[in-house]
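Numbering (the working numbering), first residue to last: 7 to 300.
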């Protein structure tokens, strides 16, 4: 037991509860906005409001799954050199009952969200079920664990499309899947190279060379499918292809030379050239897709 839980002040506990929700990881929910941008509806106030509501609901849903995962992994996290200090439950800053209360609040908010955007909440329910399966079973299955993470990103894009009631190109789905597989493979690579097989049981069934090949294959697929999507459906976005290529190169540099990549979000926020590349890609996309009023 962590007896030091009672020594933490109320502000420290509140900060711990906020950290338990992993707000930095909300950056991933930016994928929900992809259909808004590629549909060219970003000047439509109604469409923007629906998309932002979907992002908010997905932030609540993803935070809830993080809490479930942290409760389930609390003992293993306490033995982890980094997670024992960075995870509020493992560090004893937040107690399990407090985490359960926060979890109930998040799910209550999602139930209220059903009244506003029922189809989006339905996608989040599928995302939640998949993540629960991941927490208890799938994360111990090699290859399946990587694909589960990737499918969660695809569900984010689908939620954005559902929120706007717009179709999503098959190219976008397969590109998102490949990009997410790339990020997930790199994450496993960094966990192996930095902590060995101690952090996760599934890492015992991987090798650095194997996940390197997974990452290379996925990155190539993401670039090829994105380029085909641009050339076949959105030729005005051709200027974004070099940015995507540079972003893939830069991210791999961050992984190899700067030891980033175990957390894609932290790698993005910590490396200004990579962050600038993403911002530039968004800016060019908006410029190229800006509706022309005749």
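For glycine and all other residues, C-beta sits at the position ideal for the given N, C-alpha and C.
In angstroms, rounded to a whole number, what distance separates the CA positions of residue 1 and residue 38? The first residue shown for the chain is 7 and the last is 300, placing residue 1 beyond what the model contains.
Of all the alpha helix (DSSP H) runs that stay within the bounds of the stretch 52-114, which reach a length of 4 or more residues? List check, alpha helix (DSSP H) in window: 80-84, 89-92 and 94-97.
May I ask which residues mark the beginning and end of the alpha helix (DSSP H) holding residue 151? One-based indexing of the chain shown puts residue 151 at position 145. Where residue 151 is concerned, the enclosing alpha helix (DSSP H) stretches over 150-170.
Less than 9 Å between the beta carbons of residue 164 and residue 174, yes or no? Taking the first residue of the chain shown as 1, we reach residue 164 at position 158. Taking the first residue of the chain shown as 1, we reach residue 174 at position 168. Yes; because the gap between Cβ atoms is below 9 Å, this pair is in contact.
With a cut-off of 9 Å, does the C-beta of residue 122 fall near any C-beta of chain C? Although the question refers to chain C, the structure presented lacks it and comprises just one protein chain.
Of all the options 271, 228 and 208, which has the alpha carbon lying nearest to the alpha carbon of residue 183? Taking the first residue of the chain shown as 1, we reach residue 183 at position 177. Of the listed residues, the one whose Cα sits closest to residue 183 is 228.
Straight-line Cα distance separating residue 64 from residue 115: Here the question's residue 115 lines up with position 109 in the chain shown. Here the question's residue 64 lines up with position 58 in the chain shown. Distance between the alpha carbons of residue 115 and residue 64 is about 11 Å.
Tell me whether residue 16 counts as near the ligand GTP, meaning its Cβ is closer than 8 Å to at least one heavy atom of that ligand. With respect to small molecules bound, the structure shown includes none, and the ligand GTP cannot be examined in it.
Residues of its chain near residue 290, where Cβ-Cβ distance is below 8 Å and the 5 sequence neighbours each way are ignored: Residue 290 sits at position 284 when you count from the first residue of the chain shown. Contacts found: 243, 245, 246 and 249.
Using DSSP with H/G/I as helix, E/B as strand and the rest coil, what is residue 256? Start at 1 with the first residue of the chain shown, and residue 256 comes out as number 250. Three-state result, residue 256: helix.
Just the Cα atoms here: how many angstroms apart are residue 100 and residue 109? Taking the first residue of the chain shown as 1, we reach residue 100 at position 94. Taking the first residue of the chain shown as 1, we reach residue 109 at position 103. Taking the straight line from one Cα to the other gives about 13 Å.
Give me the Cβ distance between residue 69 and residue 112, rounded to the nearest whole Å; I'm assuming they're in contact under 8 Å. Within the chain shown, residue 69 is the residue found at index 63, counting from 1. Within the chain shown, residue 112 is the residue found at index 106, counting from 1. Right, their Cβ atoms sit about 6 Å apart.
Three-state secondary structure (DSSP) of residue 241: Taking the chain shown and counting its residues from 1, the one referred to as residue 241 is at position 235. Three-state DSSP puts residue 241 in a helix.
Could you give the residue range of the alpha helix (DSSP H) that holds residue 272? Taking the first residue of the chain shown as position 1, residue 272 is located at position 266. Counting along the chain, the alpha helix (DSSP H) containing residue 272 begins and ends at 270-276.
Report the option in 204, 125, 271 and 296 whose CA atom is closest to the CA atom of residue 192. Here residue 192 corresponds to residue number 186 of the chain shown, with the count starting at 1. Measuring from the Cα of residue 192, the nearest candidate turns out to be 271.
Rounded to whole angstroms, what is the Cα-Cα separation between residue 301 and residue 149? The question about residue 301 has no answer here: the residues shown for the chain are numbered 7 through 300.
Status (buried if at least 16 other CB within 10 Å, exposed otherwise) for residue 88: As a first step, residue 88 must be located in the chain shown, where it is residue number 82. Burial call: exposed.
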